[in-house]
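In our numbering, the protein residues as written are 347 to 766.
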């Protein structure tokens, strides 16, 4: 048996090539320490070494329930990847952070996080999760900021009448107006809470029954109302905000999230140009790269964008939903990642199972491997692929002409590259 040192962590190698495939397993019980969990519990299966990381299955913190977005990564999978590939105090970069799952898990485990995304809705939710407020602050704000003030109903009949009763819409408008252009922690937290309540299936939301993962167009919502024989009823905004905050904060706010981390940042910029990050300052890049199916929600964010006072999503120039240009854009992301990642550091990508069903050319794993081995071999070398056993998970589905559109990211594993 030989021991190979890669970066700052040791990988135990059992007669296997430099690139190997293993398994990131979720076991009911485990006693692997945080700084020694890479390469532990090695067993052999056939000719290749199967790496079985015996890590105790973590439970997702209640903060993750704040306004979940389509295709966000499972928090438990993100936690396992972080504990397997990094140590306390490391700097973690997520260039496609979405709602901040990786960032929140990094903060909870005392890692420095650098989060980035182009979607303002995603960043609003990420900020609310990572910088939450106490429920007493929420209750006091709601008591001191009445939402029953008169509000204009301009555009209500054309855009919002299919979703909200007029009284509810007035309260939503008042909430929107009072939070607009405010950047304090409480305002950011309330904004994130409200985004998840704008449209939902249950009575805890502001709207009549409507898909929670995307906002229907007014015409489609009218069709749904007719089909279900429903009309918007009055739904008081303040008590629903308070109830949702109680659910999100039911496990409390970990004190580690209040530690002053001057290096932790959340930014909105092109992931191919991270000029605010110093060269060689990142220990681990951990991200769920967007694939064409991930961002296929399209205009389903229009209600959230309206609440934030915005009209459109990011420019198509940085849109990763086009299969034809995905290869070129990911090449540029990996090149910028090579700049910010230290020598011996790692880049780990959650590889969704669904890419290969869109067109020929392989899945996310095969595509990123090809980039690393061919065009970017000077900077990156493939280290391992830690598969995630496929099992039944909670997935929101919607039927479309016999096909199924999934709204939960379903990674087959984590592809790990090492910075040369």
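Note that the Cβ used here is the ideal one computed from N, Cα and C, for glycine as well.
When C-beta atoms of the region 417-432 are compared with those of the region 447-454, three or more pairs fall below 8 Å, so the two segments count as touching.
Here residue 728 is bridged, per DSSP, to 763. With contacts defined as CB atoms closer than 8 Å, residue 695 and residue 760 qualify as a contacting pair. The Cβ atoms of residue 542 and residue 412 sit closer than 8 Å to each other.
Three or more beta-carbon pairs separated by less than 8 Å are not found between the region 579-592 and the region 621-628, which leaves the two stretches without contact.
DSSP assignment within the region 433-466 yields the following whole alpha helix (DSSP H) runs of 4 residues or more, N-terminal first: 447-454. When the beta-carbon positions are compared, residue 481 and residue 603 stay at least 8 Å from each other. Of the residues assessed, residue 620 falls on the buried side of the cut-off, its CB having 16 or more other CB atoms within 10 angstroms. Around the beta carbon of residue 654, 16 or more other beta carbons sit within 10 angstroms, so the residue counts as buried. Where residue 689 is concerned, there is no enclosing alpha helix (DSSP H), although the beta strand (DSSP E) around it starts and stops at 687-698. Counting the other Cβ atoms within 10 Å of the Cβ of residue 597 gives fewer than 16, which makes it exposed. Sorting 766, 575, 467, 537 by C-alpha distance to the C-alpha of residue 614 places 467 at the top. In the assembly as shown, residue 551 is a buried residue. Its beta-carbon has 16 or more other beta-carbons within 10 Å.
With a cutoff of 8 Å on beta-carbon distance, residue 474 and residue 539 are scored as near each other. Assignment of alpha helix (DSSP H) within the region 534-610, counting only whole runs of 4 or more residues, yields 564-574, 583-594 in chain order. Under the criterion of beta carbons closer than 8 Å, residue 518 and residue 583 qualify as touching, at roughly 6 Å.
By the beta-carbon neighbour count (other beta carbons within 10 angstroms, threshold 16), residue 463 is buried.
The Cβ neighbour count for residue 437, taken over all protein chains shown within 10 Å, is at least 16; the residue is labelled buried.
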